[in-house]
Amino acid sequence: TRRLAIKKALLLCAILLSLMSVSSLLLAHKSHRAMNVTPSAIVFAPSITAKSSPDNSGTDLFVLHEGTKVRITDQVGNWVRIRLADGNQAWIPADSVEKI
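Just so you know, we're using the numbering used here here: the sequence shown kicks off at 532 and counts up by one.
So this is what it looks like as structure tokens:
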């Protein structure tokens, strides 16, 4: 009976560890896909002011300079939402960047 209880406990632990492993692998795969789906781009304008919304009336957030690498996460009309390596996000005119 004690042996049977130990076997049941070990089986339960094995099942739980398997479920946790599968969950971790699925989350890692999803994260990897999310990082590789968003296209990279380079700022080609000498200097561009990043905005809080996809229009000229948006709040100025920061200035980007030529050669800055960004990720494009969305597009609305002639504006693209970009994400920098440090996680900051903003909107800039689509014609100020070139996809790579």
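C-beta atoms are modelled at their ideal positions from N, C-alpha and C, and glycine is treated no differently.
State the Cα-Cα distance for the pair residue 581 and residue 595, rounded to the nearest angstrom. 7 Å
Would you list the one or two residues that DSSP bridges to residue 582? 591 and 622
Alpha-carbon to alpha-carbon, residue 597 and residue 588: 23 Å
To which residues of the same chain is residue 550 closer than 6 Å at the C-beta, ignoring the five residues directly before and after it? none
Touch check for the stretch 615–628 and the stretch 555–571: three-plus C-beta pairs under 8 Å? no
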